[in-house]
Structure formats: structure tokens, C-alpha cells
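Engineer:
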Amino acid sequence: MYGYGFYYDRTYILLVIGMLLSVAASAKLKSTFAKYRSVRNASGLTGEQAARRILQAAGITDVQVRAVSGSLTDHYDPRTKTVNLSQDIFGQSSLAAVGVAAHECGHAIQHAIHYAPLEIRSAIVPLANFGSTLSWPLFFLGLIMSFRPLITAGIVMFSLAVLFQLVTLPVEINASSRALRMLETTGILGREENAGARKVLTAAALTYVAALASSILQLFRLIILAGGRRNDD
Ligand SMILES: [Zn+2]
Numbered sequence: 140m141y142g143y144g145f146y147y148d149r150t151y152i153l154l155v156i157g158m159l160l161s162v163a164a165s166a167k168l169k170s171t172f173a174k175y176r177s178v179r180n181a182s183g184l185t186g187e188q189a190a191r192r193i194l195q196a197a198g199i200t201d202v203q204v205r206a207v208s209g210s211l212t213d214h215y216d217p218r219t220k221t222v223n224l225s226q227d228i229f230g231q232s233s234l235a236a237v238g239v240a241a242h243e244c245g246h247a248i249q250h251a252i253h254y255a256p257l258e259i260r261s262a263i264v265p266l267a268n269f270g271s272t273l274s275w276p277l278f279f280l281g282l283i284m285s286f287r288p289l290i291t292a293g294i295v296m297f298s299l300a301v302l303f304q305l306v307t308l309p310v311e312i313n314a315s316s317r318a319l320r321m322l323e324t325t326g327i328l329g330r331e332e333n334a335g336a337r338k339v340l341t342a343a344a345l346t347y348v349a350a351l352a353s354s355i356l357q358l359f360r361l362i363i364l365a366g367g368r369r370n371d372d
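In C-alpha cells form, the structure reads like this:
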């Protein structure tokens, strides 16, 4: 691997920046969540009750609300049509609980109305998984063998994973804006309470922004490494 060391060292900073962004975003989410998990909402509704009320108000009758184990493991599963809420969310009456529950209902609504970014996202999941598994092996093999088509294939594969994260952003932001609207129109939260729920959902969205930024930095790194390889030829 002689001759590449210079590029490896310099581009490593991109990985470190990406990692720091992700760590900062996840710390921000944890602290915001901890804060609003202890603020009880005035309606006294739990995450489960809020989810049921929102789904009903949206005219969705075929989606179940379930409890799942873990922390921040909340998600909507389009295959089973279930809103899955973690222990902190399902049975709690905090601002964070109804905020997160409403967000997952936002995904259920997106699914019901065939929201385009969600459909695109679901369609590229297999491609993205394939791409992120194969990108680094192909890329490094290409570098070692000095075989440019493999290097390029590695970069293209990695781009698929970045594309997936890019499409994830509008899906997440849209689910949160639907959530906040529904929380207010269904009377679950008052305007001031809604501001607290918004902070939790914004902090959650930032983790997706950080993940995307980190992946774009990694993509830059691959391109720089590939360019360095070309200069060596
Ligand atoms: Zn989401």
C-alpha cells in the first residue's frame, strides 16, 4: 500500500468530522429527549392514546399501535402496518412521548396517501443495502489492483447509500411537520406545548442530517483517494 499513505492520513480528517457531527447530534437528541420526557402534557394522553387519536382523525383504521422494547426504537412498519412505540413513549404522558408517537403516525399517514418520497425511499432500500455492503470492498480491491473500473464501481455503490440517506431527509421532516399539525388540530397539545414537541422532533431530524453529512464526507474521501491514485499512475 506504499505511496497512498499521504492521502489516507489527510482524508482521515473527513471521517473524524463526520463522526463528531454524528456524536454531537445524538448527544443533542438524548438531552432534548431527557428534558421533554419529564414534562407532562396537559391533556394527560399517553403516546399510545395520542397515536390512536391521530390515526382516527386521519381516517386510518387499518394500522395497529404496539409497544416495543428498547429506547428510541420507535418506528412505523409499513409491512405490518404497525406504529411501534418504545416503553418511554407508549405508556407515558410526556411532551416527548406524544411528539414521537405523532411522528410515527406521520409515517403511517405518508404510507396511506402514497407520499412519493416514502415510496422512492422504500424502492431504493435494497439498492442502498447492496451498495453500502459492496462499496468499500470494491473500492479497496480497485486501489490494490490499480484497476480503475473497480474504484469507480465502489464510488457508485457508495453513492447509492448516500442517495438513500438523502431521500430519507424529506420523509422524516415531512412526518414531523404532519405530527405537529395533527397534535394541534386534534387538541392533544396546546400551542406552547407544541413548541416542546417540535424541539424533540427537530433534534431527531438533526441526527438524520448529521448521518447524511457524514456519508457525503465519506463519499468525498473516496473521490479524493481515487484522484490520488490517478496522480500516482
Ligand atoms: Zn421517522
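Residue numbers (the numbering used here): 140 to 372. Here a beta-carbon is modelled for each residue, glycine too, at the ideal position from N, C-alpha and C. Bear in mind the structure is a predicted one, so any value in this text is a computation, not a measurement.
With H, G and I counted as helix, E and B as strand and the rest as coil, what does DSSP make of residue 203?
Structural biologist: Position 64 of the sequence shown holds residue 203. Residue 203: strand per DSSP, three-state reduction.
Engineer: Mind reading off the beta-carbon distance from residue 158 to residue 241? Whole number of angstroms is fine, and I expect it under 8 Å.
Structural biologist: On the sequence shown, position 19 is the one that residue 158 refers to. On the sequence shown, position 102 is the one that residue 241 refers to. With 8 Å as the limit, residue 158 and residue 241 do not qualify as a contact, their Cβ atoms being about 31 Å apart.
Engineer: Buried or exposed for residue 249, going by 16 or more other Cβ atoms inside 10 Å?
Structural biologist: Walking along the sequence shown from the start, residue 249 turns up at place 110. Buried is the call here.
Engineer: Name the DSSP beta bridge partners of residue 215, please?
Structural biologist: Against the sequence shown, residue 215 aligns to sequence position 76. For residue 215, which the question treats as bridged, DSSP gives the partners 222.
Engineer: Rounded to a whole number of angstroms, what is the C-alpha to C-alpha distance between residue 313 and residue 199?
Structural biologist: Along the sequence shown, one-based indexing puts residue 313 at 174. Along the sequence shown, one-based indexing puts residue 199 at 60. The alpha-carbon atoms of residue 313 and residue 199 are separated by roughly 18 Å.
Engineer: Taking 7 Å as the cut-off, is the C-beta of residue 311 nearer than that to any heavy atom in ligand 1?
Structural biologist: Start at 1 with the first residue of the sequence shown, and residue 311 comes out as number 172. The answer is yes for residue 311.
Engineer: Residue 213: buried (16+ other C-beta within 10 angstroms of its C-beta) or exposed?
Structural biologist: One-based indexing of the sequence shown puts residue 213 at position 74. Buried: at least 16 other Cβ atoms inside 10 Å.
Engineer: What span of residues does the alpha helix (DSSP H) with residue 231 cover, start to end?
Structural biologist: Against the sequence shown, residue 231 aligns to sequence position 92. Unbroken run through residue 231: none, as it is neither H nor E.
Engineer: Considering just the uninterrupted stretch of the alpha helix (DSSP H) at residue 301, what are its terminal residues?
Structural biologist: The count along the sequence shown starts at 1 and reaches residue 301 at position 162. That run of the alpha helix (DSSP H) goes 287-324.
Engineer: Just how far apart, CA to CA, sit residue 284 and residue 290?
Structural biologist: Counting from 1 along the sequence shown, the entry for residue 284 is found at position 145. Counting from 1 along the sequence shown, the entry for residue 290 is found at position 151. If I take the Cα positions, the gap works out to 10 Å.
Engineer: Can you give me the C-alpha to C-alpha distance between residue 232 and residue 186, rounded to a whole angstrom?
Structural biologist: Within the sequence shown, the letter at position 93 stands for residue 232. Within the sequence shown, the letter at position 47 stands for residue 186. So the alpha carbons of these two residues sit roughly 6 Å apart.
Engineer: Could you check if residue 250 belongs to the surroundings of ligand 1, using beta carbon to heavy atom distance under 7 Å?
Structural biologist: Within the sequence shown, residue 250 is the residue found at index 111, counting from 1. The answer is no for residue 250.
Engineer: Residue 314: beta carbon under 7 Å from a heavy atom of ligand 1?
Structural biologist: Counting from one through the sequence shown, the residue named residue 314 turns up at place 175. Yes, Cβ of residue 314 sits closer than 7 Å to a heavy atom of ligand 1.
Engineer: Excluding the 5 residues preceding and the 5 following residue 203 in the sequence, name in chain order all residues of the same chain whose CB lies nearer than 6 Å to its CB.
Structural biologist: The sequence position of residue 203 within the sequence shown is 64, counting from 1. Correct list, in chain order: 221.
Engineer: Ends of the alpha helix (DSSP H) at residue 190?
Structural biologist: What you label residue 190 is simply residue 51 of the sequence shown in a count that begins at 1. From DSSP, the alpha helix (DSSP H) with residue 190 extends over 186-196.
Engineer: Please determine whether the Cβ atom of residue 253 lies at a distance below 7 Å from any heavy atom of ligand 1.
Structural biologist: Start at 1 with the first residue of the sequence shown, and residue 253 comes out as number 114. Because no heavy atom of ligand 1 lies under 7 Å away, the Cβ of residue 253 does not count as near it: no.
Engineer: Could you tell me the distance, in whole angstroms, from the CA atom of residue 328 to the CA atom of residue 234?
Structural biologist: By one-based count along the sequence shown, residue 328 stands at place 189. By one-based count along the sequence shown, residue 234 stands at place 95. C-alpha separation (whole angstroms): 8 Å.
Engineer: Report the residue from 149, 150 and 154 whose alpha carbon sits nearest the alpha carbon of residue 350.
Structural biologist: As a position in the sequence shown, residue 350 is number 211, starting the count at 1. When only C-alpha atoms are compared, the closest one is 154.
Engineer: Quick one: using the 10 Å Cβ neighbour count with 16 as the cut-off for buried, is residue 201 buried or exposed?
Structural biologist: The residue given as residue 201 occupies position 62 in the sequence shown. Under this definition residue 201 is an exposed residue.
Engineer: DSSP beta-bridge partners for residue 179?
Structural biologist: Counting from 1 along the sequence shown, the entry for residue 179 is found at position 40. Answer is 233.
Engineer: In angstroms with no decimal places, state the Cα-to-Cα distance between residue 190 and residue 299.
Structural biologist: Counting from 1 along the sequence shown, the entry for residue 190 is found at position 51. Counting from 1 along the sequence shown, the entry for residue 299 is found at position 160. Looking at the two C-alpha atoms, the distance is approximately 33 Å.
Engineer: With distances taken between CB atoms, is the gap from residue 263 to residue 306 smaller than 8 Å?
Structural biologist: The residue given as residue 263 occupies position 124 in the sequence shown. The residue given as residue 306 occupies position 167 in the sequence shown. Yes, the Cβ-Cβ distance between residue 263 and residue 306 is below 8 Å.
Engineer: Less than 8 Å between the C-beta atoms of residue 304 and residue 261, yes or no?
Structural biologist: By 1-based counting over the sequence shown, the position of residue 304 is 165. By 1-based counting over the sequence shown, the position of residue 261 is 122. No, they are not a contact pair.
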